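Those sequence lines, one after another, are chains S and P.
Counting from 856, one number per residue, gives the positions in the first sequence under the working numbering.
Counting from 33, one number per residue, gives the positions in the second sequence under the working numbering.
By construction, the Cβ of each residue, glycine as well, lies at the ideal position given by its N, Cα and C atoms.
In this text, all values refer to a predicted model and were calculated from it rather than measured experimentally.
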Amino acid sequence: MTEVVAQRSGDSARYDVRAALGRFWPAFTFIALAIVVPWLFFDWSKGRHSGFVISLVSQMGVMSIFALSFNMQMGQAGLLTFGHAVFLGLGGYATIHALNAVASGLFWLPVELMPLVGGISGLIFATIFGYMATRQTGTAYAMITLGFGELVSAAAVMFNGFFGGEGGVTANRMIKTSFLGLSYGPAIEVYYLILFWTVLSAGVMLLLTQVPLGRMANACRDNSERAQFVGYDPRRVRFYQCAISGFFAGIAGALYAINYEIVTYDAVSAVLSANVLLMTFIGGIGVFWGPILGAVLITLLQSWMSLLSGAWVIYVAVLFVVMVIYAPGGIAGLIMAHLPIWRSGRLATLAVPYLRIVMPSVTGIIGFAGLVELTYSASIGKGQGRALTLFYHVIDTSSLLPWFVTAVLFALGIALAASQRVQFLESWAAVAEETRVKEPCR
Amino acid sequence: MNVVPAIVLRDVHKSFGATKIIDGVGLRISRGERHGLIGPNGAGKTTLFNMISGRLSVSRGEIELNGRLIQNRAPHEINRMGLCRSFQITSLFHRLSVFENVRCALLWSLGYRYSIAHLLSRQRKLNTASQILLERLGLWDRREIRAGLLSYAEQRALEIGITVAGGADVILLDEPTAGMNRNEADRAVSLIRQLTEGKTLLVVEHDMNVVFSLADNVSVLVYGRIIASDVPERVRVNPVVREAYLGTKGA
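Next up, the structure:
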């Protein structure tokens, strides 16, 4: 609506900085946070950055670009892909080779522009691949991407010249070519390079949702037949969208290569393709910034929870399943659903219904986590000779009591939450209905 | 210059396997004519529409649009040559807003193609055209709503809007008033009249009142053949038509 109103009052041609600040303040806040985050964990006594935090936020940046590029296909064009890592991986391999080539003096390119090498490789491969695959949509497209992913994974272990076999290809990012005179030895410099490219890529991808191609991608997703009857060839729309998405995945791959200084077949693997799918869906495919949210959250879970628990994969998997069943719009979808209620000041009326469903849910989750940890400890943990410690208490997994307590918590919590579900949905719908009346155009 | 008819069908056939659906249809619609196509259920009206608009292939025969052969071309190519159609079952971009629906329908005709270099919000001509069309459709106040959430009559109006938006000079409407009550149908008819002013119109319709009030000429399709093609008054009294169609329908 804002843009239409602006159009009518006739000032749309002028770029209004204050309006942009007003509209994009969450994005600017997020960027500011991303800039200062390493310094919040700076160890002033030793004068050194926290390596863990830097590597964590660097990975978040790379995965944000990757997830956004995935969503250019999934959320915006309705193309489910199981092989998106291929573009990241191939972009990564190209960058690693480019780094080595620059180091050996074959040609000159500053590290700052290396992401373009990855991006262009991603674009080239996505063009070739998209030309074949975008004839199809839906399940057929998904199957082709799966096959293509397997093909490239297989090639990555077979053709040692380019892919370096099982060991992968390594490079040194300190190639002494920098616009800014940086060595890119310290991880913090690499992080800011990643952050710069993340912001740039996200900005461009956001703009790409506001141009004719991006809008027609939405249109073809909704109704490709109707798109044909307004003059567009849906296959071409899909093809261009796929190619551009490959470009950004390639940029993510280049940053991946610069960050780790090694690219192995993991970077083209189905595991990474599944990972990006997971992130994007948990974050939310229906809102532009949803994938960023998912990338940040899942990377955090992977790195931080893996320190807390060896069974973290189970938690991520359960989170994914629960989200897809109960909140198909992802976290971003949940936020967007609550925004009008919050704006109308009626969010407080939901406090009680929320408490009634969240409290038993949390109980159930604690019970579930307890069960998982007990099982994990009793099987793998035992083999590693580690005792299970919960709340600073060593738990004896061979006694029945902890099993009984966690099982009861789990069953009771889930049962109670389930019993509250209908009532909760009703009160939610009532509030949503009221807010819609207040804001007819939302 | 107006000697070239808008649409010409020459001995058009369509069979699915051994089943003949369209059995040698010939039709000639001049520029600016409003042509009604009626016939009992299963006569092949929608199939004929689908062949003209490129949704279905033609088994045999020729179809001309403004003097150019179009049979078996892709729908988007036919659309770019100046033909647009609506669907019997409402066919919108249901997750996009009403405004975006109309804007998408205008993009190609205003030459944007697959551009990634034009910010939609900055395209004054495009947005003004969208606004004007929405105001004519009476949907301007509803522009922010998802198309899928509109009422049925509103969706039908939007469907017609999308169909005419691109400025095609030949418009095919497939049962534009299906499922509407008398009032809604009357409003839809006047909307169609207004929006297709000066264009060639081919309309499939079950509602005889709509056909006879809208069309200059009417063709009657029965079992894949056109059994009569004339002005509404004469079709109405044509004994063959009465027997084959109107009589059984009791219209």
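Short CB-CB distance (under 9 Å) between residue i and chain P
i	result
Q1083 of chain S	yes
E1289 of chain S	no
E1281 of chain S	no
A1284 of chain S	no
P1195 of chain S	no
M1071 of chain S	yes
E1080 of chain S	yes
I1326 of chain S	What is shown of chain S runs 856 to 1297, which leaves residue 1326 of chain S out entirely.
Y986 of chain S	no
D871 of chain S	no
R1091 of chain S	yes
Y1095 of chain S	yes
R990 of chain S	no
R878 of chain S	no
Y1087 of chain S	yes
R1076 of chain S	yes
G993 of chain S	no
Local Cβ density within 10 Å of residue i, reported as buried at 16 or more and exposed below that
i	result
G973 of chain S	buried
N895 of chain S	According to the sequence shown, residue 895 of chain S is Leu rather than Asn. With fewer than 16 Cβ atoms within 10 Å of its Cβ, L895 of chain S is classed as exposed.
H108 of chain P	buried
E1289 of chain S	exposed
Y1087 of chain S	buried
V40 of chain P	buried
E132 of chain P	buried
P1295 of chain S	Per-residue confidence for P1295 of chain S stands at a pLDDT of 40, beneath the threshold of 50, marking its modelled position as unreliable; no derived number is given.
H1248 of chain S	exposed
L1077 of chain S	According to the sequence provided, residue 1077 of chain S is Asp. The question's Leu does not apply to it. Classification of D1077 of chain S: buried, given that the 10 Å Cβ count is 16 or more.
W899 of chain S	exposed
I1235 of chain S	exposed
E191 of chain P	buried
Chain S within 9 Å of residue i, Cβ atoms only
i	result
S123 of chain P	yes
R112 of chain P	yes
I224 of chain P	no
F81 of chain P	no
V36 of chain P	no
S245 of chain P	no
A197 of chain P	yes
I194 of chain P	yes
F48 of chain P	no
P107 of chain P	yes
L128 of chain P	yes
R117 of chain P	yes
Residue i: CB within 8 Å of a non-hydrogen atom of the ligand FMN
i	result
R1028 of chain S	The model depicted lacks the ligand FMN and carries no ligand whatsoever.
Checklist entry - Closer than 9 Å, Cβ to any Cβ of chain S: which residues of the region 131 to 146 of chain P, in chain order? => result F131, E132, N133, R135, C136, A137, L138, L139, W140, S141, Y144, R145 and Y146
Checklist entry - Relative to chain S, which residues along the region 146 to 167 of chain P have a C-beta separation below 8 Å, given in chain order? => result Y146, S147, I148, A149, H150, L151, L152, S153, R154, R156, N159, T160 and Q163
Checklist entry - Can at least three beta-carbon pairs, one atom from the region 898 to 905 of chain S and one from the region 1110 to 1128 of chain S, be found at a separation below 8 Å? => result no
Checklist entry - Does the region 125 to 140 of chain P come within contact of the region 203 to 217 of chain P, defined as at least 3 CB pairs closer than 8 Å? => result no
Checklist entry - What are the start and end residues of each continuous alpha helix (DSSP H) run of 4 or more residues lying completely inside the region 175 to 209 of chain P, in chain order? => result 184 to 197
Next on the checklist: When you compare the region 1092 to 1105 of chain S with the region 884 to 895 of chain S, are there three or more beta-carbon pairs, one atom per stretch, that lie closer than 8 Å?
Outcome noted: no
Next on the checklist: With three or more C-beta pairs closer than 8 Å as the rule, is the region 255 to 264 of chain P touching the region 84 to 95 of chain P?
Outcome noted: no
Item to check | Three CB pairs or more closer than 8 Å across the region 1278 to 1285 of chain S and the region 227 to 242 of chain P | outcome: no
Next on the checklist: Whether or not the region 158 to 172 of chain P and the region 180 to 195 of chain P are in contact is what I'm after, with contact meaning three or more pairs of Cβ atoms, one per stretch, closer than 8 Å; do they touch?
Outcome noted: yes
Checklist entry - What residue ranges within the region 1181 to 1236 of chain S form continuous alpha helix (DSSP H) runs of no fewer than 4 residues, ordered along the chain? => result 1185 to 1198 and 1206 to 1231
Checklist entry - Which residues, in order along the region 1049 to 1067 of chain S, keep a beta-carbon less than 9 Å from a beta-carbon of chain P? => result L1062, L1063, Q1065, V1066 and P1067
Checklist entry - Does the region 1214 to 1231 of chain S come close enough to the region 1148 to 1168 of chain S that 3 or more CB-CB pairs lie under 8 Å? => result yes
Item to check | Three CB pairs or more closer than 8 Å across the region 1175 to 1188 of chain S and the region 952 to 963 of chain S | outcome: no
Item to check | Inter-stretch contact (C-beta, 8 Å, three-pair minimum) for the region 913 to 927 of chain S and the region 980 to 988 of chain S | outcome: no
Item to check | Members of the region 65 to 97 of chain P that neighbour chain S once the beta carbon cut-off is set at 9 Å | outcome: S85, G86 and R87
Item to check | the region 194 to 207 of chain P touching the region 104 to 119 of chain P, judged by at least three CB pairs closer than 8 Å | outcome: yes
Checklist entry - So does the region 1093 to 1103 of chain S actually touch the region 919 to 939 of chain S, counting three or more Cβ pairs closer than 8 Å? => result yes
Checklist entry - For the region 931 to 940 of chain S against the region 1064 to 1081 of chain S, are there 3 or more C-beta pairs whose distance is under 8 Å? => result yes
Checklist entry - Which ranges does the beta strand (DSSP E) cover as unbroken runs of at least 3 residues, wholly within the region 67 to 153 of chain P, from first to last along the chain? => result 92 to 97 and 115 to 117
Checklist entry - On the three-pair Cβ rule with 8 Å, is the region 1148 to 1155 of chain S touching the region 1010 to 1028 of chain S? => result no
Checklist entry - Would you say the region 1182 to 1193 of chain S touches the region 1206 to 1223 of chain S, given that touching needs at least three Cβ pairs under 8 Å? => result no
Checklist entry - With contact counted as at least three CB pairs below 8 Å, one residue from each stretch, are the region 239 to 250 of chain P and the region 66 to 77 of chain P in contact? => result yes
Item to check | Stretch-stretch touch, CB-based, cutoff 8 Å, three pairs: the region 1266 to 1282 of chain S with the region 1201 to 1214 of chain S | outcome: yes
Checklist entry - Taking three-plus beta-carbon pairs below 8 Å as touching, is the region 962 to 969 of chain S in contact with the region 1029 to 1037 of chain S? => result yes
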